[in-house]
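A.B. asks: Taking numbering that gives the first Met the number 0, the leading residue of the sequence shown gets 0, the next gets one more, and so forth.
All C-beta atoms, glycine included, are put in the ideal place defined by N, C-alpha and C.
Treat the numbers as computed from the prediction; the structure is a model and nothing was measured.
Take this structure, written in structure tokens, and hold onto it; I'll ask about it next.
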Amino acid sequence: MKRTRLGVLISGSGSNLQALMDACATPDYPAGIQLVISNKFDAYGLERASKAGIESAVVSHKAFPDRESFERALTEKLEAANVELVVLAGFMRILTPYFVERWRDRLVNIHPSLLPSFRGVDTHAQALNAGVKLHGCSVHYVRPGLDDGPIIGQAAVPVLAGDDPKSLAARVLIAEHKLYPACIRAICDGRVKLVNEICQIANGDGDFTPLINPVS
Ligand code: GRF
Numbered sequence: 000m001k002r003t004r005l006g007v008l009i010s011g012s013g014s015n016l017q018a019l020m021d022a023c024a025t026p027d028y029p030a031g032i033q034l035v036i037s038n039k040f041d042a043y044g045l046e047r048a049s050k051a052g053i054e055s056a057v058v059s060h061k062a063f064p065d066r067e068s069f070e071r072a073l074t075e076k077l078e079a080a081n082v083e084l085v086v087l088a089g090f091m092r093i094l095t096p097y098f099v100e101r102w103r104d105r106l107v108n109i110h111p112s113l114l115p116s117f118r119g120v121d122t123h124a125q126a127l128n129a130g131v132k133l134h135g136c137s138v139h140y141v142r143p144g145l146d147d148g149p150i151i152g153q154a155a156v157p158v159l160a161g162d163d164p165k166s167l168a169a170r171v172l173i174a175e176h177k178l179y180p181a182c183i184r185a186i187c188d189g190r191v192k193l194v195n196e197i198c199q200i201a202n203g204d205g206d207f208t209p210l211i212n213p214v215s
């Protein structure tokens, strides 16, 4: 079985990285993580990678004069590891059109809202302020706009009475950990087709449904 070579970019805890590492550790998963890059030295995800014996590197954005030179350094490392699909997992840097075009259709992100609602930061507070009853997360191909790009899959969770941003974030995160590995499996199985900037998902014999709804 061909295993797609993933490069995962992180900035923090790396719980989505962990979910992907766990998925990649199962024998029939069609991808493997070649390299983890953090832009922060103290990202806990780096420890997770090292425990799993996965190569990691820190490329600090602070060491570069501008965003593009930082991204060129990222690209160099990803290319050296022959990465085929770049996975953003809590990577807290805005990417320039240079990087987005360089990795076009080979760059995915997970965002903690049901896009196109609630782009940007503090998505759980945004959802609570809007009074929505369903919230969730989305995996999408990355385009130059903020949290923009063709949606690969979404998972919905209920908003419960008494929720605050923290309790809602925790519920969404559980859904993220199911959704991201499922979407990357679908991509690496060749079941995601981009047609006019819409993702068509072919049903295989895998476990992917584009909507996981709702988890409790
Ligand atoms: C997740 O909620 C993800 O959707 C967002 O940042 C958070 C990262 O969490 N982009 P982790 O580092 O994967 O634990």
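Would the C-beta of residue 145 count as close to the ligand GRF, meaning under 8 Å from any of its heavy atoms?
C.D. replies: no
A.B. asks: Return the chain-ordered ranges of every alpha helix (DSSP H) run that is complete within the segment 23 to 68 and spans a minimum of 4 residues.
C.D. replies: Those alpha helix (DSSP H) runs which fall completely within the segment 23 to 68 and span 4+ residues are 43 to 50.
A.B. asks: Quick check: residue 104 and residue 34, are their CB atoms within less than 9 Å of each other?
C.D. replies: No, the Cβ-Cβ distance between residue 104 and residue 34 is not below 9 Å.
A.B. asks: Alpha carbon to alpha carbon, what distance is there between residue 160 and residue 82?
C.D. replies: Cα-Cα distance, rounded: 44 Å.
A.B. asks: Check whether the Cβ atoms of residue 143 and residue 100 lie closer than 9 Å to each other.
C.D. replies: Yes, they are a contact pair.
A.B. asks: Below 8 Å on the Cβ atoms is my contact criterion, and I expect residue 190 with residue 200 to pass it. Report the Cβ-Cβ distance as a whole number of Å.
C.D. replies: 6 Å
A.B. asks: Kindly examine the ligand GRF and report whether one of its heavy atoms sits closer than 8 Å to the Cβ of residue 198.
C.D. replies: no
A.B. asks: Pairs of beta-carbons, one from the segment 52 to 63 and one from the segment 14 to 34, closer than 8 Å: are there three or more?
C.D. replies: yes
A.B. asks: Does at least one heavy atom of the ligand GRF sit under 8 Å from the Cβ of residue 109?
C.D. replies: yes
A.B. asks: Tell me the start and end of each unbroken alpha helix (DSSP H) in the segment 80 to 163 that is at least 4 residues and wholly inside, in chain order.
C.D. replies: Runs of the alpha helix (DSSP H) lying entirely within the segment 80 to 163 and spanning at least 4 residues, in chain order: 96 to 101, 122 to 129.
A.B. asks: According to DSSP, simplified to helix, strand and coil, what is residue 1?
C.D. replies: coil
A.B. asks: If you compare alpha carbons, which of 146, 59, 13, 25 is closest to residue 2?
C.D. replies: 25
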